[in-house]
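Heads up: the protein sequence lines correspond to chains S and R, in order. Residue numbering for the first sequence follows our numbering, starting at 299 and increasing by one per position. Residue numbering for the second sequence follows our numbering, starting at 5 and increasing by one per position. Think of the CB as a built atom: it goes at the ideal place given N, C-alpha and C, for glycine as much as any other residue. Values in this document were obtained by computation on a predicted structure and should not be read as measured data. One structure is given below, encoded as structure tokens.
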Amino acid sequence: MSNQVFVITEHINGQFDDSSFEMLAMGREVASATGGELVAVLMGHNQKDLASQLGAADKVIYADHESLANFNPQAHAKAASAIVAANMPRVVLTAYSSQGMEMGPAISVSQNMPLLAYVSGISVSGGSLTVVSQLYGGKMNVESQTSAGHCVMSVLPGAASADAGRKDGAPAIDDFAVDLGGLTIKFKQLIEPDKSDVDITQQPILVSVGRGIQNSDNLPMVEELAAKLGGAVSCSRPIVDSKWMPKTRQVGKSGLKVKPKLYLALGISGAPEHIEGMKDAELIIAVNSDPKAPIFDFAHYGVEGDLFDIIPALTGKL
Amino acid sequence: MNIIVPIKQVPDLVEGLEIDDSGKDLNREWMKFKLNEFDDHALEEALILKEETGATVTAIALDSDDVDKALFTAAAKGADTIIKVTGVSGTGLSSHEAAKALANVIGGMSYDLVMTGVQAIDDRDGQLAVLLAHYLDKPHVSVVTSVTVAGDQAVISKEYGGGLVAEFEGTFPMVLGIQAARQSPRYVPVAKVRQIMRSASIEEVAAGDVGVSSGSDITKYFTPVSGGGAEMIGGSAEDQAAKIVELLKSKGIK
Ligand SMILES: Cc1cc2nc3c(=O)[nH]c(=O)nc-3n(C[C@H](O)[C@H](O)[C@H](O)COP(=O)(O)OP(=O)(O)OC[C@H]3O[C@@H](n4cnc5c(N)ncnc54)[C@H](O)[C@@H]3O)c2cc1C
Ligand SMILES: Nc1ncnc2c1ncn2[C@@H]1O[C@H](COP(=O)(O)O)[C@@H](O)[C@H]1O
């Protein structure tokens, strides 16, 4: 086993996700504490040049294979596990993301390494790692310790600063040969999102609605408020999954990242997957009937109250 | 085609969560449970596939609080078989143990697809779907939003950020982590669940040797400081609305 800290990076359409840089920033702190090397793992096909953006790492391990050209859950899980197996690093960081969620558990089971999910902080002392996970939709933090010697983590987006991990300059690159025969899952295509609707990333004012709205019959009052404010309506994921609003209006992890001048959150609890999409808004005002809703940790102003009272009152005053 | 849908109950967040005296667990005494919402989506997608292809659907759960209700509800919605895995307690169990216990039982069954929720609010040591896939030694796709079956293959949509979707083609068997079904999970009236409780029965199967652990220990639970960031606006709804308008004016927004 080595003292290294591995960061499993991810990219789509030739672009790294911010989470890769965030993990490099976090990984650097852990590596300083363990006295180990920070290693970025890069997988792709004819994409070695991407390593030039991973200057924050001491070294890049690059695996090239035609099955790694686009993310493939089976191929990437196999390749990442093989790379980890060959080095047995102390810590492996994967992103809590659509790609990372396929790789962390694969490494954990195949290498018999403990796995900790939704990680927002890591500290190292002596032989053990102490890790904080954000559970229960952001309502409860759980601290865990492992003395297993090595550990895989699934890191929450936003847990560290992407800018701190974004450094150009090509570190040394080790090529890693992977054998990816017998794949039963094949990548077919990427389908780009619909661009015909209002682009909520360009709207200065967003009135955003969550499951607190109860049913689609209540949406017109939200639209009326948005119109009075001169803004657009956006929403949390359950509203889209219920088919009450189109995907183009979804804010969050699998929706869009927005940064409006005003984000008015109505009946949204503030799960980490939602926060990821709106935490950088200039002014966040949240209305929620639950005083313990995590959204109040991120909002600048909070209104504990019933949205069915607040919305008409506010619309009436504008 | 056979589809297996592992489901589980999670604490209902509408009720407040309380830390117990040890500081290392939740107080589960008065806890209210509900079906993990993503498992509900997995069941819905499986039931849609049943309607399209005549597949059989088996819902399976580890023995835990309130689990019979969840299994009978799945049967009332259209699951053909409901199984309870005994010998491990599902409440507060680590994801590794849960995945291994399910793998022990599912491994002995005949299946084409295992479909479970993409995640749950309490999976501290990882999301179940991919752990289960690896204990079963089967390929996986997670964060799935649609499954289209043709012969012994399926086309699967997987979601990335920003509404970007990747399509994969996979050969059975495989394990899928379902993010959202093609339609909202169906609703079933309580009367129908009661009726099925009289006609259907839960099959019980022993978990067998689990022999894995999370590999980590919980040292404490703690609540994030709520309201830590926000300045709270008090008063009646009318007062609160007036203060919001004032605030927007002062910021030059309105
Ligand atoms: C891989 C993955 C990706 C995801 N991506 C996203 C994403 O992009 N965007 C996203 O939003 N979610 C996403 N989610 C889902 C996320 O985990 C949460 O389930 C979701 O954000 C919850 O939405 P919500 O706040 O509207 O609903 P809930 O969590 O149910 O909250 C509803 C809130 O409304 C309040 N409320 C109820 N009635 C009233 C009332 N009358 N007046 C005032 N308040 C009221 C309640 O107190 C509660 O806080 C993702 C999940 C996964 C697993
Ligand atoms: N589920 C698991 N995932 C990863 N590693 C594990 C797991 N269970 C046990 N281990 C490893 O095996 C060692 C012995 O753990 P245990 O079986 O709990 O005594 C631990 O120190 C871990 O390194």
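Contact set between residue i and chain R, taken where Cβ atoms lie within less than 7 angstroms
{"i": "residue 561 (chain S)", "result": "Those do not exist, as residue 561 (chain S) stays about 11 angstroms from chain R at its closest Cβ, beyond 7 angstroms."}
{"i": "residue 620 (chain S)", "result": "The structure shown does not extend to residue 620 (chain S), since chain S is modelled only from 299 to 616, so the question has no answer here."}
{"i": "residue 608 (chain S)", "result": "241, 244 and 245"}
{"i": "residue 472 (chain S)", "result": "Those within 7 angstroms of residue 472 (chain S) in chain R number zero; the least Cβ separation is about 26 angstroms."}
C-alpha gap between residue i and residue j, whole angstroms
{"i": "residue 133 (chain R)", "j": "residue 180 (chain R)", "result": "7 angstroms"}
{"i": "residue 67 (chain R)", "j": "residue 361 (chain S)", "result": "43 angstroms"}
{"i": "residue 393 (chain S)", "j": "residue 455 (chain S)", "result": "7 angstroms"}
{"i": "residue 27 (chain R)", "j": "residue 228 (chain R)", "result": "14 angstroms"}
{"i": "residue 111 (chain R)", "j": "residue 153 (chain R)", "result": "22 angstroms"}
{"i": "residue 463 (chain S)", "j": "residue 316 (chain S)", "result": "9 angstroms"}
{"i": "residue 451 (chain S)", "j": "residue 469 (chain S)", "result": "24 angstroms"}
{"i": "residue 426 (chain S)", "j": "residue 379 (chain S)", "result": "23 angstroms"}
{"i": "residue 567 (chain S)", "j": "residue 612 (chain S)", "result": "20 angstroms"}
{"i": "residue 590 (chain S)", "j": "residue 504 (chain S)", "result": "23 angstroms"}
{"i": "residue 125 (chain R)", "j": "residue 543 (chain S)", "result": "24 angstroms"}
{"i": "residue 407 (chain S)", "j": "residue 100 (chain R)", "result": "8 angstroms"}
{"i": "residue 34 (chain R)", "j": "residue 432 (chain S)", "result": "22 angstroms"}
{"i": "residue 555 (chain S)", "j": "residue 114 (chain R)", "result": "42 angstroms"}
{"i": "residue 576 (chain S)", "j": "residue 561 (chain S)", "result": "8 angstroms"}
{"i": "residue 2 (chain R)", "j": "residue 204 (chain R)", "result": "This structure leaves residue 2 (chain R) out entirely; chain R is present only between 5 and 258."}
{"i": "residue 595 (chain S)", "j": "residue 398 (chain S)", "result": "26 angstroms"}
{"i": "residue 421 (chain S)", "j": "residue 244 (chain R)", "result": "42 angstroms"}
{"i": "residue 602 (chain S)", "j": "residue 235 (chain R)", "result": "11 angstroms"}
{"i": "residue 496 (chain S)", "j": "residue 159 (chain R)", "result": "30 angstroms"}
{"i": "residue 453 (chain S)", "j": "residue 108 (chain R)", "result": "29 angstroms"}
{"i": "residue 423 (chain S)", "j": "residue 314 (chain S)", "result": "31 angstroms"}
Where residue i meets chain R, residues with beta-carbon distance less than 8 angstroms
{"i": "residue 399 (chain S)", "result": "122, 123, 131, 134, 146, 147 and 181"}
{"i": "residue 487 (chain S)", "result": "170 and 171"}
{"i": "residue 557 (chain S)", "result": "Here the premise fails: no neighbours, minimum Cβ distance about 14 angstroms."}
{"i": "residue 306 (chain S)", "result": "Residues of chain R passing the Cβ test: none, with the nearest at roughly 14 angstroms."}
{"i": "residue 553 (chain S)", "result": "165, 166 and 167"}
Contacting residues, own chain, Cβ-Cβ under 8 angstroms from residue i (five flanking each side not counted)
{"i": "residue 9 (chain R)", "result": "43, 46, 47, 50, 61, 62, 63, 64, 78, 83, 118, 119 and 120"}
{"i": "residue 446 (chain S)", "result": "411 and 412"}
{"i": "residue 52 (chain R)", "result": "185, 186 and 187"}
{"i": "residue 499 (chain S)", "result": "554, 555, 556 and 557"}
{"i": "residue 337 (chain S)", "result": "302, 303, 304, 305, 355, 356, 357, 358, 359, 385 and 387"}
{"i": "residue 466 (chain S)", "result": "350, 351 and 353"}
{"i": "residue 483 (chain S)", "result": "370, 371, 372 and 373"}
{"i": "residue 414 (chain S)", "result": "429, 431, 442, 444, 449, 450, 451 and 452"}
{"i": "residue 207 (chain R)", "result": "85, 86, 87 and 88"}
Proximal residues to residue i (C-beta, below 7 angstroms), its chain only, five neighbours per side dropped
{"i": "residue 270 (chain S)", "result": "Here chain S covers residues 299 to 616 and nothing more, so residue 270 (chain S) does not appear."}
{"i": "residue 574 (chain S)", "result": "455, 456, 550 and 551"}
{"i": "residue 37 (chain R)", "result": "13, 14, 15, 16, 69 and 70"}
{"i": "residue 135 (chain R)", "result": "99, 100 and 103"}
{"i": "residue 81 (chain R)", "result": "47, 51, 190 and 192"}
{"i": "residue 150 (chain R)", "result": "161 and 186"}
{"i": "residue 487 (chain S)", "result": "none"}
Per-residue contacts from residue i into chain S (C-beta, under 7 angstroms)
{"i": "residue 175 (chain R)", "result": "482"}
{"i": "residue 126 (chain R)", "result": "433 and 434"}
Within chain R, partners of residue i - CB distance below 9 angstroms
{"i": "residue 546 (chain S)", "result": "167"}
{"i": "residue 510 (chain S)", "result": "Simply none; closest approach about 11 angstroms."}
Neighbour list for residue i in chain S, Cβ cutoff strictly below 9 angstroms
{"i": "residue 193 (chain R)", "result": "The premise fails here: residue 193 (chain R) is roughly 18 angstroms from chain S at the closest Cβ pair, so nothing lies under 9 angstroms."}
{"i": "residue 143 (chain R)", "result": "371, 372, 375, 481, 482 and 483"}
Amino acids of chain S, ordered along the chain, whose beta-carbon sits closer than 8 angstroms to that of residue i
{"i": "residue 86 (chain R)", "result": "Simply none; closest approach about 25 angstroms."}
{"i": "residue 139 (chain R)", "result": "407"}
Own chain, CB closer than 6 angstroms to residue i, minus 5 neighbours either side, in chain order
{"i": "residue 137 (chain R)", "result": "144 and 179"}
{"i": "residue 564 (chain S)", "result": "507, 585 and 605"}
{"i": "residue 534 (chain S)", "result": "508, 566 and 572"}
{"i": "residue 319 (chain S)", "result": "460, 463 and 464"}
Residue i beta carbon near ligand 3 (any heavy atom closer than 7 angstroms)
{"i": "residue 588 (chain S)", "result": "Ligands present in the displayed structure are limited to ligand 1 and ligand 2, and ligand 3 is not among them."}
Review point. Any residues in the segment 336 to 355 of chain S with a beta carbon nearer than 7 angstroms to a beta carbon of chain R? Which ones, in chain order?
Key: Against chain R - using a Cβ distance shorter than 7 angstroms - the segment 336 to 355 of chain S contributes no residues.
Exercise for review: Can you give me, in chain order, the residues of the segment 206 to 235 of chain R that have a beta carbon less than 9 angstroms from any beta carbon in chain S?
Suggested key: Within the segment 206 to 235 of chain R, contact with chain S at the beta-carbon level (separation under 9 angstroms) is assigned to 216, 217, 218, 219, 220, 221, 222, 223, 224, 225, 226, 227, 228, 229, 230, 231, 232, 233, 234 and 235.
**Study point:** Selection of the segment 414 to 448 of chain S by Cβ proximity to chain R, strictly under 9 angstroms
**Key:** Of all residues in the segment 414 to 448 of chain S, 414, 415, 416, 427, 428, 429, 430, 431, 432, 433, 434, 435, 436, 437, 438, 439, 440, 441, 442, 443, 444, 445 and 446 have a Cβ within less than 9 angstroms of some Cβ in chain R.
**Study point:** Interface positions of the segment 582 to 602 of chain S facing chain R (Cβ-Cβ less than 9 angstroms), listed along the chain
**Key:** Residues 582, 583, 584, 585, 588, 589, 590, 591, 592, 593, 594, 595, 596, 597, 598, 599, 600, 601 and 602.
Practice item. Give the residues from the segment 237 to 249 of chain R that approach chain S closer than 7 angstroms (Cβ to any Cβ), ordered along the chain. Key: For the segment 237 to 249 of chain R, which is checked against every Cβ of chain S, the residues closer than 7 angstroms are 237, 241, 242, 244, 245, 246, 248 and 249.
Practice item. Please name the residues in the segment 369 to 385 of chain S whose beta-carbon is closer than 8 angstroms to at least one beta-carbon of chain R, in chain order. Key: Cβ contacts with chain R: 369, 370, 371, 372 and 375.
Exercise for review: Could you name the residues of the segment 23 to 40 of chain R whose beta carbon sits closer than 7 angstroms to any beta carbon of chain S, in the order they occur along the chain?
Suggested key: Only those residues of the segment 23 to 40 of chain R whose C-beta falls short of 7 angstroms from the nearest C-beta of chain S would be listed, and there are none.
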